[in-house]
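Notes follow the structure.
There are 2 protein chains.
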Amino acid sequence: MNQLVISADSHAGADLLDYRPYLESRLHDEFDAWAKGYVNPFADLQAPEATRNWDSDRRLRELEEDGIVAEVLFPNTIAPFFPMANLTAPHPAPGEYERLAAGLRAHNRWMADFCAQAPGRRAGVAQIMLNDVDDAVEEIRWAHAAGLTGGVLVPGVPPGASVPPLHSEVYDPIWRTCAELGMPVNHHGGTGAPGLEPNPVSLAVFIVEVSWYAHRALWHLIFGGVFERHPDLRFVLTEQGSDWIPGVLKTLDYYYSRFRSGDATAEAKFGGPAASRLSLKPSEYFARNCYVGATFMKPSETPLRHEIGVERLMWGSDFPHDEGTFPYSREALRRTFHDVPAEEKTAILAGNAARVYGFDLDALRPHADRVGPSEEELAQPLTELPEGATSPVFNLETIIRAW
Amino acid sequence: MNQLVISADSHAGADLLDYRPYLESRLHDEFDAWAKGYVNPFADLQAPEATRNWDSDRRLRELEEDGIVAEVLFPNTIAPFFPMANLTAPHPAPGEYERLAAGLRAHNRWMADFCAQAPGRRAGVAQIMLNDVDDAVEEIRWAHAAGLTGGVLVPGVPPGASVPPLHSEVYDPIWRTCAELGMPVNHHGGTGAPGLEPNPVSLAVFIVEVSWYAHRALWHLIFGGVFERHPDLRFVLTEQGSDWIPGVLKTLDYYYSRFRSGDATAEAKFGGPAASRLSLKPSEYFARNCYVGATFMKPSETPLRHEIGVERLMWGSDFPHDEGTFPYSREALRRTFHDVPAEEKTAILAGNAARVYGFDLDALRPHADRVGPSEEELAQPLTELPEGATSPVFNLETIIRAW
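This is the structure:
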């Protein structure tokens, strides 16, 4: 039987001008003027390959050639009025918020249509900003009604940002709404880092630090009591590695036990009041509420799968990014999973994503029978990397977009 | 033979009004007015125990009762004009800088006298701020001439601070001067974290994150080329744990190799220009230039000593802090080092600190013969913790002082 493969981390978006029909018409004139002066700085969004982002037929064809039958769709291209960023929304100044929020709404509406072009094969992720929680809640309700089963992409909050940190109770209506509607909350690598100066050392240091800034959301939500108040909420940490998780969970559990120790140390005094509201240990919230969009997993990550939780991990191809596994996903899967038992492989490659994002595995099965890699193929170790395969490294073009 | 023990992490400072004679007289009136209205918020600086910070005889006596013969002295009390912080200097607004810098100079001058009261037993650490590099260099030269062999305490720079990040070349005169004079550069845990809101969740999250913000200095200096340009510089990471080091060095080496790979990935493009200036791998700079003031090491840290480098690690009691090992340092040493070979134990408890901070081990030997724990005592495992012993946890009172 062929393996059914879902990519839990893919990217899509419209070509800039194609967002226009999805943009509120009161903004068309402003958009036209803005778009005329806009120069897209991203090579991969100008090249012929860029059509992968929005050409539904091309996308399905290339996906299937790569052995994949369905995907979760994060953003990728430039939304209206976004100077740089789209992958994760920024926290704009009040004067900028209104038109950027409209730009994201246009993307979300385009995404709903794009998903509808391949029913059951695409789980689109809706974007929100954190500046106005009522707006965010309204957009989440719209996205749910519009069938964006990918849930919501929540941007990170860098230290010193103009909006409160993610652990703040002001965001509770967002978590409550997502829990109520069963919308997963996604947090994608590249987000939450402070601004960056354009000099060589800042750029190098940024690469070293950027994943940590995305990881922060995990303990912000845990100690913020978000999973305590919303036991059904599903939170997904995507494209920020997975090998950090066991160590961080141990650290968080350590602090939790110190905070709850009831002794008079300064540590308990500091952390006690927050921890006393939590009925579970951090690792227990993780095991109940959290998932990992582990994207192009390295062979060094699979030995940690039981510590992280086999039922929490979701592979992704990162299509159409250069550093993703396309068009060598079959080889990438062999490389990382050849020695993983079939049942666990199926959970990481399809079952978990189906559970989190609502894919119907029975409906996808005929596609897998047609295009999926065979179990025998995936059980073969990869002896050499395909020529032309890029390294599965962090998506830096994406990060740049996140500023 | 008794073990010679040096604490590479202790704290001292004057009672507030005793800084007055060390303060430039033009500021005396301003100081008197400020001091009158100042209320010290720290319980341990008001209690009878506070005299440990400045009473030379009491300090020596308690140190010796604890089996220790010499110590490196970081700050602890409130320097003139400091609203909260003293342990690590802040980055004040321009209007505040002048008098805070004068406050630190008063502390440094007091510290030189305090060290002179016990020659060879105290290595005082001089404080600087980063707002004015010329001032900092002048103070380092003064500190060297005044015999402050503890070197310099460099404050961390939180994201978004008003001064450039630690990797900035504007600080090169500081590193150059320290290298030239053989002054160690110390970076103490609690520094470099962004501000903190006074609510329970912020406090808990702060504890989880604060050490990472101190660790950042390591890769900022490495990728900033500081150790490349100043091969003789000695950099000490104090009271921020040691168990994170092997993992971080692996990560930094990984990025370095990616940055140097010469390929066209975005990662190489980002990090390449900085890494191409570095002739060594991050772990090689660490092994040449860096030391760890590991303070109250836990038994779980000694198995990592070869990965970190036995010749890099320095134990400390954190006297007079509550969470330090006093008055149970003998027990703490047995607990952590009973199964560490004598030669390695001696390096971590004395030899490395002597090399970094210029202690004369021969001159200290008679004191160790008189008060040090015997080798036999230290070789005995600790079967139960002394009643009243506090847990060796991170120094949070200290952190509060660092804001």
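Here the protein sequences come in this chain order: A and B. Per my numbering, numbering of the first sequence is gapless, rising by one per residue and ending at 403. Per my numbering, numbering of the second sequence is gapless, rising by one per residue and ending at 1403. Cβ atoms here follow ideal geometry from the backbone N, Cα and C, with glycine treated the same way.
Any heavy atom of the ligand ADP closer than 7 Å to the CB of residue i?
i: arginine 1121(B); result: By its list of ligands, the structure shown contains no ligand whatsoever, and the ligand ADP lies outside what it can speak to.
For residue i, which residues from the same chain have a beta carbon less than 6 Å from its beta carbon, with the 5 sequence-adjacent residues on both sides left out?
i: tyrosine 285(A); result: Ile222 and Phe227
i: glycine 13(A); result: Asn53, Pro75, Asn76 and Thr77
i: aspartate 1009(B); result: Thr1238, Glu1239, Gly1293, Thr1295, Gly1316 and Asp1318
i: leucine 196(A); result: Ser202 and Phe206
i: proline 1173(B); result: Val1133 and Val1137
i: asparagine 289(A); result: Phe227, Leu233 and Phe235
i: alanine 1379(B); result: His1338
i: leucine 1278(B); result: Glu1228
i: histidine 11(A); result: Phe74 and Asn76
i: threonine 1383(B); result: none
i: tryptophan 175(A); result: Val226, His230 and Leu233
i: aspartate 263(A); result: none
i: aspartate 253(A); result: Lys281, Pro282 and Ser283
In the DSSP assignment, what residue or residues form a beta bridge with residue i?
i: tyrosine 291(A); result: Val236(A)
i: phenylalanine 74(A); result: His11(A)
i: serine 162(A); result: Serine 162(A) pairs with nothing; no bridge assigned.
i: leucine 1153(B); result: Gln1127(B) and Asn1186(B)
i: serine 374(A); result: Asn2(A)
i: tryptophan 1315(B); result: Thr1295(B)
i: arginine 1122(B); result: Glu1071(B)
What does a CB cutoff of less than 8 Å around residue i pick up in its chain, not counting 5 residues either side in sequence?
i: glycine 1156(B); result: Thr1088, Leu1166, His1187, Thr1191, Gly1192, Ala1193, Tyr1213, Ala1214, Arg1216 and Ala1217
i: proline 1381(B); result: Arg1334, Arg1335, His1338 and Asp1339
i: alanine 102(A); result: Leu23, Glu24, Leu27, Pro80 and Phe81
i: glutamate 209(A); result: Ala193
Does the beta-carbon distance from residue i to residue j come in below 8 Å?
i: serine 261(A); j: alanine 268(A); result: yes
i: tyrosine 22(A); j: tryptophan 110(A); result: yes
i: leucine 372(A); j: valine 69(A); result: One detail in the question is off: residue 372(A) reads as glycine in this sequence, not leucine. Yes. Within cutoff.
i: proline 299(A); j: valine 236(A); result: no
i: leucine 27(A); j: arginine 121(A); result: no
i: cysteine 1178(B); j: leucine 1148(B); result: no
i: alanine 353(A); j: valine 72(A); result: yes
i: tyrosine 291(A); j: valine 356(A); result: yes
i: leucine 349(A); j: valine 5(A); result: yes
i: glycine 1271(B); j: alanine 204(A); result: yes
i: proline 320(A); j: glutamate 49(A); result: yes
i: proline 273(A); j: proline 1200(B); result: yes
i: proline 159(A); j: proline 1159(B); result: yes
Mind checking residue i: buried by the 16 CB within 10 Å criterion, or exposed?
i: alanine 161(A); result: buried
i: aspartate 1360(B); result: exposed
i: glutamine 1127(B); result: buried
i: threonine 1302(B); result: buried
i: alanine 106(A); result: buried
i: alanine 1093(B); result: exposed
i: serine 1242(B); result: buried
i: threonine 419(A); result: What is shown of chain A runs 1 to 403, which leaves residue 419(A) out entirely.
i: alanine 1329(B); result: The question names alanine, but residue 1329(B) in the sequence shown is serine. Serine 1329(B) should be labelled buried.
i: leucine 1017(B); result: exposed
i: arginine 370(A); result: exposed
i: aspartate 66(A); result: buried
i: serine 374(A); result: exposed
i: glutamine 1003(B); result: buried
i: valine 154(A); result: buried
i: glycine 1151(B); result: buried
i: glutamate 376(A); result: exposed
Within the same chain, show all residues whose beta-carbon is closer than 7 Å to that of residue i, passing over the 5 residues directly before and after it, in chain order.
i: aspartate 1135(B); result: Ala1101
i: histidine 220(A); result: Pro165, Leu166 and His167
i: threonine 51(A); result: Arg58
i: isoleucine 1245(B); result: Val1292 and Ile1308
i: alanine 1118(B); result: Ser1056 and Leu1060
Next item on the list: Give, in chain order, every residue of the stretch 1200-1214 of chain B whose Cβ lies closer than 8 Å to some Cβ of chain A.
Entry: Pro1200, Val1201, Ser1202, Leu1203, Ala1204, Val1205, Phe1206, Ile1207, Val1208, Glu1209 and Trp1212
Notebook entry, point to check: In the stretch 1216-1228 of chain B, which residues sit with their C-beta less than 8 Å from some C-beta in chain A, listed in chain order?
Noted result: Arg1216, Trp1219, His1220, Phe1223, Gly1224 and Gly1225
Notebook entry, point to check: Going along the stretch 1349-1374 of chain B in order, which residues come within less than 9 Å of chain A, judged by CB to CB distance?
Noted result: Listed in sequence order: no entries.
Note to self: If the cut-off is 9 Å on Cβ atoms, which residues from the stretch 1313-1339 of chain B count as contacting chain A, listed in chain order?
What the structure shows: Asp1322 and Glu1323
Next item on the list: Pull out every residue of the stretch 146-165 of chain A whose Cβ sits closer than 8 Å to any Cβ of chain B, in chain order.
Entry: Listed by position, the residues of the stretch 146-165 of chain A near chain B (Cβ gap below 8 Å) are Pro158, Pro159, Gly160 and Pro165.
Notebook entry, point to check: Going along the stretch 1167-1200 of chain B in order, which residues come within less than 9 Å of chain A, judged by CB to CB distance?
Noted result: Within the stretch 1167-1200 of chain B, those residues whose Cβ lies closer than 9 Å to any Cβ of chain A are, in chain order, His1167, Ser1168, Glu1169, Ala1193, Pro1194, Gly1195, Glu1197, Asn1199 and Pro1200.
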